[in-house]
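Report on the structure given below.
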Amino acid sequence: MSDILRETLRVELGARAYDIVIGPGLLAEAGRHVAPLLRRPRVAVLTDETVAGLHLESLRAGLAAEGIEMVSLALPAGEATKSWPHFTRAVEWLLEQKVERSDVVVALGGGVIGDLAGFAAAVLRRGVRFVQIPTSLLAQVDSSVGGKTGINAPQGKNLVGAFHQPSLVLADTGVLASLSPRDFIAGYGEVVKYGLLGDAAFFDWLEQNGPALAAGDMAARVAAVTRSCQMKAEIVARDETEQGDRALLNLGHTFGHALESATGYSDRLLHGEGVAIGCALAFELSARLGLCAQEAPSRLRQHLRAMGMKVDLSDIPGELPGAEALMALMAQDKKVVDGKLRFILARGIGEAFVTFDVPGEAVRKLLDDALA
46 MSDILRETLR
56 VELGARAYDI
66 VIGPGLLAEA
76 GRHVAPLLRR
86 PRVAVLTDET
96 VAGLHLESLR
106 AGLAAEGIEM
116 VSLALPAGEA
126 TKSWPHFTRA
136 VEWLLEQKVE
146 RSDVVVALGG
156 GVIGDLAGFA
166 AAVLRRGVRF
176 VQIPTSLLAQ
186 VDSSVGGKTG
196 INAPQGKNLV
206 GAFHQPSLVL
216 ADTGVLASLS
226 PRDFIAGYGE
236 VVKYGLLGDA
246 AFFDWLEQNG
256 PALAAGDMAA
266 RVAAVTRSCQ
276 MKAEIVARDE
286 TEQGDRALLN
296 LGHTFGHALE
306 SATGYSDRLL
316 HGEGVAIGCA
326 LAFELSARLG
336 LCAQEAPSRL
346 RQHLRAMGMK
356 VDLSDIPGEL
366 PGAEALMALM
376 AQDKKVVDGK
386 LRFILARGIG
396 EAFVTFDVPG
406 EAVRKLLDDA
416 LA
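Numbering (my numbering), first residue to last: 46 to 417.
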């Protein structure tokens, strides 16, 4: 595969630093990249049934090329898998496979598998190493990088977990071709987020190149994944456990997670769709509070619409609860500190900041208007 479309980034975390390799054809080369991490030529792979059908044999062949044996467990696809029963099953399976502390667990899949497998690796024998091989756009630009792992609880999303950094991330942009248009575009919600939170020039680039990227332009896909990962890696290196700057990565998520919870983590609303709607709401709230010009939310909404994305609450099928109920769901969020809700707002595109100083009344009015 041509090196022109191969990028390597370093997440600088001292002794726990690792590489993110980005480009097409990486599954076929997985063995070459994973071999240096191994004490013995064997890995345990956690994946989901959908991804297994599409990519597991390619990974097996890529590992076998370097003499690496693979055992695998495929869990059901979907957000519901990020739960205690499937987590328990994964950990017990890894123990049955006699995975040792010096071994490596591989997460092959989207954000659900990456989060669950990473958490399983974090607690297995008090911590084994793992490799992220993200197969969705969302996972490639967001969840596979930075070491946040976990599962959902009945009380809310990602409330149980650990910070456990991967030893390597292989983002094969070739596998993105197997995503449905809806899944690809949902992941694009996280890509747009990076431009909005800290890089106006990247947002400009996305306005120009977004349609080509969606249509399958590989160079554009590699460039977008690389810039997103670069931004995330820089933020994680500065603030690994989210004491400050890392909170910026939650732009759109306070609203988005509440909407996901309100729709039962179902196919009605995918995570990236919730983030896109959440970003639009965060920018609208910023404009209403006089923090940014109305031009910023309008421009954001125009771009999301041009990309065929969900933008408004009315784009979510079915009934939604009222503003009070949505605010109660937001109050369950991990981003609550001393009972105060943390919001990521913006002074403009590329200028996000963290604040606890948002009047509840302004949020309620925004949601009431959005629901109307």
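Heads up, the beta-carbon is just placed ideally off N, CA and C, and yes, glycines get one too.
Residue i - DSSP class collapsed to helix/strand/coil
i	result
LEU215	strand
MET115	strand
THR53	strand
PHE328	helix
LYS385	strand
LYS193	strand
LEU336	coil
ARG291	helix
PRO179	strand
GLY163	helix
ALA268	helix
LYS238	helix
LYS410	helix
ARG350	helix
ALA282	helix
ALA246	helix
LEU224	coil
LEU204	strand
ARG146	coil
LEU296	coil
GLN275	helix
THR308	coil
ASP357	coil
PRO366	coil
Strand pairing of residue i, partner residues [DSSP]
i	result
LEU91	LEU118 and ALA152
PRO81	For PRO81, which the question treats as bridged, DSSP gives no partner whatsoever.
TYR434	Past the boundaries of the shown model lies residue 434; the chain is included only from 46 to 417, so the question cannot be answered.
LEU390	PHE398
ARG134	DSSP output for ARG134 lists no bridge partner at all.
ALA198	GLY201
GLY68	ASP217
ARG174	VAL149
Whether residue i touches residue j by CB criterion (8 Å)
i	j	result
LEU215	ALA75	yes
ARG333	LEU411	yes
VAL190	VAL56	yes
ALA269	PHE229	no
SER306	GLY201	yes
LEU120	LEU169	no
LEU293	ILE394	no
ARG392	LEU336	yes
PRO211	GLY195	no
ARG346	ALA325	yes
SER426	ASN197	What is shown of the chain runs 46 to 417, which leaves residue 426 out entirely.
ALA135	LEU108	no
PRO34	LEU54	Only positions 46 to 417 of the chain appear in the structure, and residue 34 is not among them; the question remains open.
VAL161	LEU241	Here residue 161 is Leu; the residue named in the question, Val, does not match the sequence. No.
GLU111	ALA152	no
ALA278	HIS209	no
ILE36	LEU104	Absent from the structure is residue 36, since the part of the chain shown begins at 46 and ends at 417.
Exposure label - residue i; buried when at least 16 CB within 10 Å
i	result
GLU329	buried
VAL173	buried
LEU99	exposed
THR133	exposed
SER273	buried
ARG291	buried
GLN288	exposed
ALA60	exposed
GLU102	exposed
VAL382	exposed
PRO342	buried
ALA246	exposed
GLU145	exposed
PRO362	exposed
LYS143	exposed
GLY163	buried
PHE401	exposed
Three or more beta-carbon pairs under 8 Å between the segment 79-98 and the segment 291-303, yes or no? no
May I ask you to verify whether the segment 226-237 touches the segment 182-201, counting CB pairs closer than 8 Å and requiring at least 3? yes
Okay, do the segment 246-253 and the segment 216-227 touch, 3+ Cβ pairs below 8 Å being the bar? no
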